[in-house]
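If you're matching them up, the sequences are chains A and B in order. Per numbering that gives the first Met the number 0, the very first residue in the first sequence carries number 0; after that it's consecutive. Per numbering that gives the first Met the number 0, the very first residue in the second sequence carries number 0; after that it's consecutive. A virtual CB, placed ideally from N, CA and C, is assigned to each residue, including glycine. Predicted, not measured: the structure shown is a model, and the values here were computed from it.
2 protein chains.
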Amino acid sequence: MSGGTQRRRHDSARSRELLLTAAGELFAERGFDRTTIRDIGERAGVDPALIARYFGSKTLLYVAALEAERGDVPPADLLDPERMREIFERADRRGPVPLAQVAVQRLSDPAAQDAARAALHTRLVDPLRDRFVREGLDRPQLRAEIMVAAVVGVMLGRHSGAFDELTRADPDALVPLLRGALTTED
Amino acid sequence: MSGGTQRRRHDSARSRELLLTAAGELFAERGFDRTTIRDIGERAGVDPALIARYFGSKTLLYVAALEAERGDVPPADLLDPERMREIFERADRRGPVPLAQVAVQRLSDPAAQDAARAALHTRLVDPLRDRFVREGLDRPQLRAEIMVAAVVGVMLGRHSGAFDELTRADPDALVPLLRGALTTED
DNA sequence: CCATGTTGTCATCAGGCAATGTCTTCGCAT
DNA sequence: ATGCGAAGACATTGCCTGATGACAACATGG
Chain A
0 MSGGTQRRRH DSARSRELLL TAAGELFAER GFDRTTIRDI GERAGVDPAL IARYFGSKTL
60 LYVAALEAER GDVPPADLLD PERMREIFER ADRRGPVPLA QVAVQRLSDP AAQDAARAAL
120 HTRLVDPLRD RFVREGLDRP QLRAEIMVAA VVGVMLGRHS GAFDELTRAD PDALVPLLRG
180 ALTTED
Chain B
0 MSGGTQRRRH DSARSRELLL TAAGELFAER GFDRTTIRDI GERAGVDPAL IARYFGSKTL
60 LYVAALEAER GDVPPADLLD PERMREIFER ADRRGPVPLA QVAVQRLSDP AAQDAARAAL
120 HTRLVDPLRD RFVREGLDRP QLRAEIMVAA VVGVMLGRHS GAFDELTRAD PDALVPLLRG
180 ALTTED
């Protein structure tokens with residue numbers, strides 16, 4: 000049976016990876032503050048003390064998780080309905096992107112706050128602002144920040160337990176409504 | 000009519016009031032979970048142990064703070080630009096309404112979560128839904144929930160430290176942009 | 001002016017947190 | 001095979017949290 004080692008008890012690369020994955024999921028689901036290193040260790044099936052060994056601290060693990068998903072979340076143009084749909088669907092599967100939380104609430108840890116803030120701008124705000132600039136709109140930066148904040152509000156709202164229909168709504172139904180939601184003829 | 004009570008060391012009504020005010024401010028600024036009863040006591044200049052005496056627990060104090068500001072935040076029609084401006088200005092002065100946080104993040108305490116959720120619907124979601132119903136729009140409930148979530152996102156985003164221009168922007172400049180933000184001609 | 005109930009202060013408890021250091025167990029190079 | 005460095009398990013430290021109960025200061029009705 001199994002020529003390979005079914006029991007690999009010492010495998011730092013694997014442990015590191017398990018911790019990073021579990022951390023990414025939990026940070027996405029609950030945010031930085033409400034995720035404990037014990038939770039992460041439990042989900043990963045790895046001793047939480049190893050977080051200190053491999054990443055230095057909970058904060059640095061957060062930063063690492065942020066960078067690890069860089070590939071997952073390419074700089075997204077929120078004005079593209081298809082992209083927006085992808086974002087919502089991803090949030091349904093894996094929880095909201097960790098950095099979404101920072102758009103809406105200060106983190107307790109300044110280093111984590113800075114890292115998340117930077118990621119938020121790089122991946123969401125800046126691409127949008129650049130598009131507005133190209134379109135020649137006034138106040139492109141402000142427009143981009145408003146839109147990101149609004150979309151993040153909706154994305155988090157879906158998982159906050161405070162909205163029933165929003166939680167149940169299909170992303171396909173959501174996107175068109177969201178795009179028109181804030182405009183009405185008086 | 001006590002002419003000169005300059006020193007009132009025993010005044011339960013006053014202590015109660017001070018605690019309630021401080022709690023309302025802090026819950027609004029930081030949310031339920033990240034506000035401690037020691038913080039509240041410090042800001043109020045009152046011993047935190049009195050929270051237990053007058054309100055029973057931190058959770059019940061939160062519920063009391065929610066109800067105390069009912070007058071402050073009349074059911075607001077977010078489609079009225081003037082109302083929207085008022086909401087943003089109030090948030091600048093006293094911090095976002097405490098119940099805003101629940102739109103975006105689960106609270107650790109189920110009782111607090113339920114109370115905030117109920118208040119959120121009564122004051123923001125339901126009036127908006129009713130208006131959409133009157134206008135004969137489809138999916139009125141979903142539309143209302145989306146819009147509340149989006150506005151809350153922007154309101155919290157202003158104070159999260161993650162957006163510079165959004166933080167500095169004047170409410171007067173904000174409202175029109177927000178109303179049109181999610182719509183663009185492709 | 002005293003007795004009694006009210007209000008405020010303080011020390012402390014139990015639980016949960018991140019982080020650290022120690023000790024054991026393992027894998028690999030020799 | 002074996003010895004040593006790497007990897008993991010575990011207990012502990014120090015801190016912060018909400019809550020509680022004992023005690024002191026006060027006000028007031030008799």
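Assigned with DSSP and collapsed to three states, residue 104/B falls in coil, not helix or strand. If the five residues before and after residue 100/A are omitted, its C-beta is found closer than 6 Å to the C-beta atoms of 30, all from its own chain and listed in chain order.
Neighbourhood of residue 94/B in chain A, by CB distance below 8 Å: empty, with the nearest CB roughly 12 Å away. At a Cβ-Cβ threshold of 8 Å, residue 103/A and residue 151/A count as neighbours. Among the residues facing chain A, residue 27/B is not included, as its CB has no counterpart in that chain under 8 Å away. Taking each of 35/A, 85/A, 37/A, 57/A in turn and checking the Cα distance to residue 154/A, the smallest one comes out for 85/A. Below the 7 Å Cβ cutoff, chain B contributes 101, 102, 116, 119 as neighbours of residue 161/A, in chain order. Shortest Cα-Cα distance from residue 65/A to any of 119/A, 79/A, 37/A, 48/A involves 119/A. Here residue 18/B is near residue 50/B, since their CB atoms are less than 8 Å apart. When secondary structure is reduced to three states using DSSP, residue 9/B falls in the coil class, being assigned neither helix nor strand.
Within chain B, no residue has its CB atom less than 9 Å from the CB of residue 44/A, the nearest being about 25 Å off. The three-state secondary structure of residue 68/B, taken from DSSP, is coil.
Remark: C-beta atoms of residue 106/B and residue 32/B approach each other more closely than 8 Å.
In the same chain as residue 111/B, and ignoring 5 residues on each side of it, the C-beta atoms closer than 6 Å to its own belong to 31, 58, 61, in chain order. Straight across, the Cα-Cα distance linking residue 55/B with residue 98/A is about 36 Å. Residue 137/A sits in coil when the DSSP states are folded into three classes, being neither helix nor strand. Per DSSP, reduced to three states, the secondary structure at residue 173/A is helical. Around the beta carbon of residue 134/B, a 10 Å sphere encloses fewer than 16 other beta carbons of the protein chains shown; the residue is thus reported as exposed. Contact note: residue 156/A reaches chain B through 102, 103, 144, 145, 147, 148, 149, 151, 152, using a C-beta cutoff of 9 Å and chain order. Taking 8 Å as the cut-off, the Cβ atoms of residue 28/B and residue 94/B count as close. The DSSP assignment places no complete run of the beta strand (DSSP E) inside the region 28-103 of chain A (cut-off: 3 residues).
In the three-state scheme derived from DSSP, where H, G and I count as helix and E and B as strand, residue 159/A is classed as coil. Comparing alpha carbon positions, the residue from 24/B, 128/B, 88/B closest to residue 42/B is 24/B. Per DSSP, the continuous alpha helix (DSSP H) segment holding residue 119/B begins and ends at 109-119. The residues 84, 87, 88, in chain order, have a CB closer than 6 Å to that of residue 170/B in the same chain once the five nearest residues on each side in sequence are set aside.
In the three-state DSSP reduction, residue 168/A falls in the coil class, being neither helix nor strand. By the rule that beta-carbons nearer than 8 Å mark a contact, residue 108/A does not touch chain B. Interface with chain A (8 Å Cβ-Cβ cutoff): residue 30/B is included. For residue 68/A, same chain residues with a beta-carbon under 8 Å away, outside a window of 5 residues either side, are 23, 96, 97 in chain order. For residue 17/B, no CB of chain A lies under 8 Å from its own CB, so it is not counted at the interface with that chain. When rounded, the separation of the alpha-carbon atoms in residue 146/B and residue 175/A is 13 Å. In the same chain as residue 21/B, and ignoring 5 residues on each side of it, the C-beta atoms closer than 6 Å to its own belong to 39, 42, 43, in chain order. Relative to the Cα of residue 15/A, the nearest Cα in the group 115/A, 48/A, 117/A belongs to 48/A. The beta carbon of residue 74/B sits closer than 8 Å to the beta carbons of 121, 122, 123, 125, 126 from its chain, once the five residues preceding and following it are set aside; these are given in chain order. A distance below 8 Å separates the beta carbons of residue 157/A and residue 90/A.
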